[in-house]
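Top line first, the protein sequences correspond to chains H and X. Going from the first sequence to the numbering used here is simple: count from 1 and add 32. Going from the second sequence to the numbering used here is simple: count from 1 and add 32. Yeah, the Cβ is synthetic: ideal placement off N, Cα and C, and Gly gets one too.
There are 2 protein chains.
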Amino acid sequence: MLEALRLHGDLIGKQGSRRRLNTPALVIDIEALDANIAAMAEFARRHKVALRPHSKTHKSADIARRQIKAGALGVCCAKLGEAEALSEAGIGGLHITSAVVTPQGIERLMALNAATRGLSMVADDGQNIDALDRAAAAAKQKLNVILDIDPGMHRTGVWNDADVMALAKRIGACKALHFAGVQFYSGRLQHVEAYAERLKSVLEQTARLARLVNELRQAGMPPAIVTGSGTGTHQIDATQGVFTELQVGSYVFMDTQYEAVDLHGDKSQPFKQALQIDSTIISANSPGLATADAGLKAFATDGPAPVLMKGAPEGSSYRFFGDEYGAVVLPEGKQLPIGSTITCQPPHCDPTVNLYEAYHVVKGDTLVDIWPVTARGRSR
Amino acid sequence: MLEALRLHGDLIGKQGSRRRLNTPALVIDIEALDANIAAMAEFARRHKVALRPHSKTHKSADIARRQIKAGALGVCCAKLGEAEALSEAGIGGLHITSAVVTPQGIERLMALNAATRGLSMVADDGQNIDALDRAAAAAKQKLNVILDIDPGMHRTGVWNDADVMALAKRIGACKALHFAGVQFYSGRLQHVEAYAERLKSVLEQTARLARLVNELRQAGMPPAIVTGSGTGTHQIDATQGVFTELQVGSYVFMDTQYEAVDLHGDKSQPFKQALQIDSTIISANSPGLATADAGLKAFATDGPAPVLMKGAPEGSSYRFFGDEYGAVVLPEGKQLPIGSTITCQPPHCDPTVNLYEAYHVVKGDTLVDIWPVTARGRSR
Numbered sequence: 033m034l035e036a037l038r039l040h041g042d043l044i045g046k047q048g049s050r051r052r053l054n055t056p057a058l059v060i061d062i063e064a065l066d067a068n069i070a071a072m073a074e075f076a077r078r079h080k081v082a083l084r085p086h087s088k089t090h091k092s093a094d095i096a097r098r099q100i101k102a103g104a105l106g107v108c109c110a111k112l113g114e115a116e117a118l119s120e121a122g123i124g125g126l127h128i129t130s131a132v133v134t135p136q137g138i139e140r141l142m143a144l145n146a147a148t149r150g151l152s153m154v155a156d157d158g159q160n161i162d163a164l165d166r167a168a169a170a171a172k173q174k175l176n177v178i179l180d181i182d183p184g185m186h187r188t189g190v191w192n193d194a195d196v197m198a199l200a201k202r203i204g205a206c207k208a209l210h211f212a213g214v215q216f217y218s219g220r221l222q223h224v225e226a227y228a229e230r231l232k233s234v235l236e237q238t239a240r241l242a243r244l245v246n247e248l249r250q251a252g253m254p255p256a257i258v259t260g261s262g263t264g265t266h267q268i269d270a271t272q273g274v275f276t277e278l279q280v281g282s283y284v285f286m287d288t289q290y291e292a293v294d295l296h297g298d299k300s301q302p303f304k305q306a307l308q309i310d311s312t313i314i315s316a317n318s319p320g321l322a323t324a325d326a327g328l329k330a331f332a333t334d335g336p337a338p339v340l341m342k343g344a345p346e347g348s349s350y351r352f353f354g355d356e357y358g359a360v361v362l363p364e365g366k367q368l369p370i371g372s373t374i375t376c377q378p379p380h381c382d383p384t385v386n387l388y389e390a391y392h393v394v395k396g397d398t399l400v401d402i403w404p405v406t407a408r409g410r411s412r
Numbered sequence: 033m034l035e036a037l038r039l040h041g042d043l044i045g046k047q048g049s050r051r052r053l054n055t056p057a058l059v060i061d062i063e064a065l066d067a068n069i070a071a072m073a074e075f076a077r078r079h080k081v082a083l084r085p086h087s088k089t090h091k092s093a094d095i096a097r098r099q100i101k102a103g104a105l106g107v108c109c110a111k112l113g114e115a116e117a118l119s120e121a122g123i124g125g126l127h128i129t130s131a132v133v134t135p136q137g138i139e140r141l142m143a144l145n146a147a148t149r150g151l152s153m154v155a156d157d158g159q160n161i162d163a164l165d166r167a168a169a170a171a172k173q174k175l176n177v178i179l180d181i182d183p184g185m186h187r188t189g190v191w192n193d194a195d196v197m198a199l200a201k202r203i204g205a206c207k208a209l210h211f212a213g214v215q216f217y218s219g220r221l222q223h224v225e226a227y228a229e230r231l232k233s234v235l236e237q238t239a240r241l242a243r244l245v246n247e248l249r250q251a252g253m254p255p256a257i258v259t260g261s262g263t264g265t266h267q268i269d270a271t272q273g274v275f276t277e278l279q280v281g282s283y284v285f286m287d288t289q290y291e292a293v294d295l296h297g298d299k300s301q302p303f304k305q306a307l308q309i310d311s312t313i314i315s316a317n318s319p320g321l322a323t324a325d326a327g328l329k330a331f332a333t334d335g336p337a338p339v340l341m342k343g344a345p346e347g348s349s350y351r352f353f354g355d356e357y358g359a360v361v362l363p364e365g366k367q368l369p370i371g372s373t374i375t376c377q378p379p380h381c382d383p384t385v386n387l388y389e390a391y392h393v394v395k396g397d398t399l400v401d402i403w404p405v406t407a408r409g410r411s412r
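Okay, structure coming up:
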């Protein structure tokens, strides 16, 4: 594995080896990562809710194993390809949060369902439910299906309440499917920065979810699993008593977007910045500027710019400078010579991780391990 | 190779197999790609300038081979890791367009220089030049160094004209280095959409370059290679007689950004849209909306939104809908059922390619091959 990840002179276990990393490098501060995993596990235990963290954030079998060891039931996967990659790496308890609708996808889903334990799958469409049932029956399998309910963003899931009841019944009536529960994920509420505003929206939506769960119970279809939530709303969701498990993802790493969110309503920040990007200054011929080797291919670009954490003079800022480069804009009179290393906070952790083949895991200034980004690019 | 790229039921050579692709898929229209490669090769022959196309666009040994077969001298690489990957795949004539400044990077560079033929490398700093010389001498090698001149964007290269002369002399004085020429790349002019405006800026910059080249000749240091240019300025650069070779990249694929650029000043478009993204509709429960399986992890997000080319009703548009999804916004009364395939023009080709592990190569509606993205993620 290490060979395949191309060590390039990266020295595992040697003090100071972080400063010898080839860059741009996707760095994990292992102490911060483990503290985040422990903090969320403790939070879930305290609120008597289960965790199935979302692996779309880290795409890593190593991190999934740490989350499961800390008490998680398994992990969520955004795509079939992600679930295949984690299953091959030995991770069980996988829940796929996007529908699989093509014949070739359903064929792969059946192979995965046979190979892994505790798989579940969302659906939000009657014809898709029938297709899953036919495929599972043909493969002599039982498939756990979770009905996706649209919380109001109209991205995926069922919006009409009568349709929720009808589709749950339809899943229940399928011989080869097991109605395992419901999913309710409010993606657009996760980054609402003010706690009071987020609280109000979550409570409104959760009232509808609670009513639907109750109706399903009364109709003899109690959802064993009620899954949803995210890092931004976990604190509110956990106290409502409707979700049985949380799909939190970004808490393991944090990023500039989530740092701006008042997660617990008291301005405290329960999680540390575990994900960092190390980059090297490769050109410094112009006053006030230094050029780093991390650009548009090294960071997600859908959010704000990366934030400098270390290595640059106080008052410096980073801005994108093309596909391969970043500019460190320096305060008057300051310099940053070639060969210097800067450390950045990633702007949006999930799509940043997807750009790298490996994590360089550090403890202080020592490289302690290299982990593959197991499901990198497995979006199909 | 095919096994490693996970066929997932993709059927090579079978008519209609494009419609069975697992998605999101990075698709190459092979006829458009070959037409683009032939058109640029013919353009270069007509203008008596050499080509060393930039592989940072495609990161593909298969495409590099096609460009070289059509007459290119080799390919440029943005990063050392890219050059290593293409060298391992048998591509020669590599020129690395970013400086390598760390001890561990220089060590790798020497190994690459020993393993590949016709390698060249940029430098823009005196101490870096000395470090390259020491390493090459210690390895008993000769390294081709191209002096990077800053065309005025202050990203990389030497800005001060006196420094250009001094550093060229410094390279020439190094026993283990060969002064192979100069690089002059105007990244920020490539996307100036109006021809007249781009022309004016290029001519101003080229006058300085011509003067510097002349001074180097008079000082007994004639630059055998004068490399630079890009898809946006190639037509102007080729007619100025200063560049000996062009680093054009995006012309092989095209994207929405370059489609907006009047490349030849006559509103003609000499290149075809060869790179396309196929995506599947996976949810369609809300009027006026359908949700596709390609989102922020399937397209570059530093530019405009992807543009729908095929598969959606006239008047539809695509917008990002989170990490894993895109929204197809439909005209009043139109629908797009789950399982439908849409095809999008990528917004910015280089960082889009970097997100995928493979190209799915099609001719009409038939999948004819799968090519790895050889240097994917090899940014370090």
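Ignore the nearest five residues each way along the sequence and tell me which others in Ala155 (chain H)'s own chain have a CB closer than 8 Å to its CB. Numbered from 1 along the first sequence, position 123 holds the residue referred to as residue 155 (chain H). The residues are Ala131, Ile161, Leu164, Val177, Ile178, Leu179, Asp180, Leu199 and Ile203.
Would you please verify whether the beta carbon of Leu321 (chain X) is less than 8 Å from any beta carbon of chain H? For this step, residue 321 (chain X) is matched to residue 289 along the second sequence. With respect to chain H, the C-beta atom of Leu321 (chain X) has a partner C-beta closer than 8 Å.
Mind pulling the beta strand (DSSP E) runs of 3 or more residues that sit fully within the stretch 165-240 of chain X? Here the runs fully enclosed are 175-180 and 209-216.
Is Asp397 (chain H) closer than 8 Å to Gly48 (chain H) when the C-beta atoms are compared? Locating residue 48 (chain H) in the first sequence gives position 16, counting from the first residue. Locating residue 397 (chain H) in the first sequence gives position 365, counting from the first residue. Contact flag set, yes.
In the DSSP output, what is His296 (chain H) paired with across the bridge? Counting from one through the first sequence, the residue named residue 296 (chain H) turns up at place 264. Bridge partners of His296 (chain H): none, in fact.
Relative to the C-alpha of Leu244 (chain H), which candidate in H:Gly371, H:Val274, H:Glu225 and H:Gln222 has its C-alpha closest? As a position in the first sequence, residue 244 (chain H) is number 212, starting the count at 1. Per the Cα distances, H:Val274.
Report back the beta-carbon spacing between Trp403 (chain H) and Asn317 (chain X) to the nearest angstrom; my notes put them in contact at under 8 Å. Sequence index remark: in the first sequence, residue 403 (chain H) carries index 371 (1-based). Sequence index remark: in the second sequence, residue 317 (chain X) carries index 285 (1-based). Going by Cβ atoms, the distance from Trp403 (chain H) to Asn317 (chain X) rounds to 38 Å, so no, they are not a contact pair.
Kindly give me the distance between the Cβ atoms of Gly106 (chain X) and Arg77 (chain X), rounded to whole angstroms, as I take these residues to be in contact under 8 Å. Stepping through the second sequence from its first residue, residue 106 (chain X) is reached at position 74. Stepping through the second sequence from its first residue, residue 77 (chain X) is reached at position 45. That pair is no contact at about 17 Å.
If I follow the unbroken alpha helix (DSSP H) through Ile142 (chain X), where does it start and stop? As a first step, residue 142 (chain X) must be located in the second sequence, where it is residue number 110. For the record, residue 142 (chain X) in the displayed sequence is Met; it is not Ile. That run of the alpha helix (DSSP H) goes Pro135 to Ala147.
Chain X partners of Val133 (chain H), CB-CB under 7 Å? Translated into the one-based positions of the first sequence, residue 133 (chain H) becomes position 101. Neighbours of Val133 (chain H) on chain X, chain order: Thr312, Ile314, Ile370 and Gly371.
For Tyr357 (chain H), does the three-state DSSP call read helix, strand or coil? In the first sequence, the residue the question calls residue 357 (chain H) occupies position 325. Tyr357 (chain H) falls in the coil class under three-state DSSP.
DSSP has Cys376 (chain X) in a bridge; who is on the other side? The residue labelled residue 376 (chain X) in the question sits at position 344 within the second sequence. Looking at the DSSP assignment, Cys376 (chain X) forms a beta bridge with X:Ile309 and X:Leu340.
For the stretch 349-363 of chain X, list every residue whose C-beta sits within 8 Å of some C-beta in chain H, in sequence order. Listed by position along the chain: Phe352, Phe353, Gly354, Asp355, Glu356, Tyr357 and Ala359.
Using the rule of at least 16 other Cβ atoms within 10 Å of the residue's Cβ for burial, across every protein chain shown, is Ser87 (chain H) buried or exposed? Indexing the first sequence from 1 puts residue 87 (chain H) at position 55. Burial call: buried.
Just mark Ala324 (chain H) as buried or exposed, buried being the case when its beta carbon has 16 or more other beta carbons within 10 Å. One-based indexing of the first sequence puts residue 324 (chain H) at position 292. That one is buried.
Name the residues in the stretch 375-405 of chain H whose C-beta lies less than 7 Å from a C-beta of chain X; which are they? Listed by position along the chain: Asp382, Pro383, Asn386, Leu387, Tyr388 and Glu389.
Segment limits, alpha helix (DSSP H) that includes Arg97 (chain H): Within the first sequence, the letter at position 65 stands for residue 97 (chain H). For Arg97 (chain H), the uninterrupted alpha helix (DSSP H) segment begins and ends at Ala93 to Lys101.
Just by C-beta distance, which residues in the stretch 69-88 of chain H are closer than 9 Å to chain X? Answer set for the stretch 69-88 of chain H: Lys88.
Contacts that Phe54 (chain H) makes with chain X (C-beta to C-beta distance below 7 Å): Here residue 54 (chain H) is taken as the residue at index 22 of the first sequence, counted from 1. Looking at the sequence shown, residue 54 (chain H) is not Phe but Asn. Chain order gives the chain X residues near Asn54 (chain H) as Gln136, Gly137 and Arg412, where near means a beta carbon separation below 7 Å.
Which of the three DSSP states is assigned to Asp401 (chain H) in this structure? The count along the first sequence starts at 1 and reaches residue 401 (chain H) at position 369. Of the three classes helix, strand and coil, the one that applies to Asp401 (chain H) here is strand, per DSSP.
For Ala57 (chain H), count the other beta carbons within 10 Å of its own beta carbon; 16 or more makes it buried, fewer makes it exposed. Which is it? In the first sequence, the residue the question calls residue 57 (chain H) occupies position 25. Residue environment for Ala57 (chain H): buried (at least 16 other C-beta atoms within 10 angstroms of its C-beta).
Whole-Å CB distance - Ile62 (chain H) paired with Lys329 (chain H), under 8 Å assumed: Taking the first sequence and counting its residues from 1, one reaches residue 62 (chain H) at position 30. Taking the first sequence and counting its residues from 1, one reaches residue 329 (chain H) at position 297. Going by Cβ atoms, the distance from Ile62 (chain H) to Lys329 (chain H) rounds to 25 Å, so no, they are not a contact pair.
Measuring only between beta-carbons, confirm whether Asn246 (chain X) sits less than 8 Å from chain H. Position 214 of the second sequence, counted from the start, is the residue given in the question as residue 246 (chain X). Chain H contact via Cβ: absent.
What's the gap between the Cα of Gly219 (chain H) and the Cα of Gly262 (chain H)? Along the first sequence, read from residue 1 onward, the residue named residue 219 (chain H) stands at position 187. Along the first sequence, read from residue 1 onward, the residue named residue 262 (chain H) stands at position 230. Near 8 Å, if we compare the C-alpha coordinates of Gly262 (chain H) and Gly219 (chain H).
So Gln377 (chain H) and Thr288 (chain H) are supposed to be a Cβ contact under 8 Å. How far apart are they, rounded? Taking the first sequence and counting its residues from 1, one reaches residue 377 (chain H) at position 345. Taking the first sequence and counting its residues from 1, one reaches residue 288 (chain H) at position 256. About 5 Å separates the two Cβ atoms, so the contact holds.
Verify the CB distance criterion: does Ser119 (chain H) have a CB-CB separation below 8 Å to chain X? The residue you call residue 119 (chain H) lines up with position 87 of the first sequence. Taking 8 Å as the CB threshold, Ser119 (chain H) stays off the interface with chain X.
Could you tell me the distance, in whole angstroms, from the CA atom of Phe331 (chain X) to the CA atom of Ala359 (chain X)? Taking the first residue of the second sequence as position 1, residue 331 (chain X) is located at position 299. Taking the first residue of the second sequence as position 1, residue 359 (chain X) is located at position 327. Between Phe331 (chain X) and Ala359 (chain X), the C-alpha separation is close to 13 Å.
Find the nearest neighbour of Lys91 (chain X) within the set X:Val284, X:Ala292 and X:Gly354, judged by alpha-carbon distance. Residue numbering aside, residue 91 (chain X) sits at position 59 when the second sequence is read from its first letter. That would be X:Val284, whose Cα lies nearest to the Cα of Lys91 (chain X).
Is there at least one non-hydrogen atom of the ligand PLP closer than 7 Å to the beta-carbon of Ser130 (chain X)? In the structure shown, the ligand PLP is absent, as is every other ligand, since no ligand is present at all.
Throw me the rounded Cβ distance for the Ile138 (chain X) and Ala167 (chain X) pair, which I believe falls under 8 Å. Taking the first residue of the second sequence as 1, we reach residue 138 (chain X) at position 106. Taking the first residue of the second sequence as 1, we reach residue 167 (chain X) at position 135. The C-beta separation of Ile138 (chain X) from Ala167 (chain X) comes to about 5 Å, placing the pair in contact by the 8 Å criterion.
Going by the beta-carbon positions, is the gap between Gln279 (chain X) and Thr259 (chain X) smaller than 8 Å? For this step, residue 279 (chain X) is matched to residue 247 along the second sequence. For this step, residue 259 (chain X) is matched to residue 227 along the second sequence. It is a contact, given that the beta carbons lie within the stated cut-off.
What separation, rounded to the nearest whole angstrom, lies between the Cα atoms of Val59 (chain X) and Glu277 (chain X)? On the second sequence, residue 59 (chain X) is found 27 positions in, with the first residue counted as 1. On the second sequence, residue 277 (chain X) is found 245 positions in, with the first residue counted as 1. One C-alpha to the other measures close to 29 Å.
Would you say Ser92 (chain X) reaches chain H, if we count a Cβ-Cβ gap shorter than 8 Å as a contact? Along the second sequence, one-based indexing puts residue 92 (chain X) at 60. For Ser92 (chain X), the answer is no, since every Cβ of chain H falls outside 8 Å of its Cβ.
Taking the CB atoms as reference points, tell me whether Ala270 (chain H) and His79 (chain H) lie closer together than 8 Å. Counting from 1 along the first sequence, the entry for residue 270 (chain H) is found at position 238. Counting from 1 along the first sequence, the entry for residue 79 (chain H) is found at position 47. By the CB criterion at 8 Å, Ala270 (chain H) and His79 (chain H) fall inside the cutoff.
Amino acids of chain X, ordered along the chain, whose beta-carbon sits closer than 7 Å to that of His40 (chain H): Here residue 40 (chain H) refers to the residue found at position 8 when the first sequence is read from its first residue. The answer, in chain order, is Gln136 and Arg140.
So for Asp66 (chain H), helix, strand or coil by DSSP? Your numbering for residue 66 (chain H) matches position 34 in the first sequence. Of the three classes helix, strand and coil, the one that applies to Asp66 (chain H) here is helix, per DSSP.
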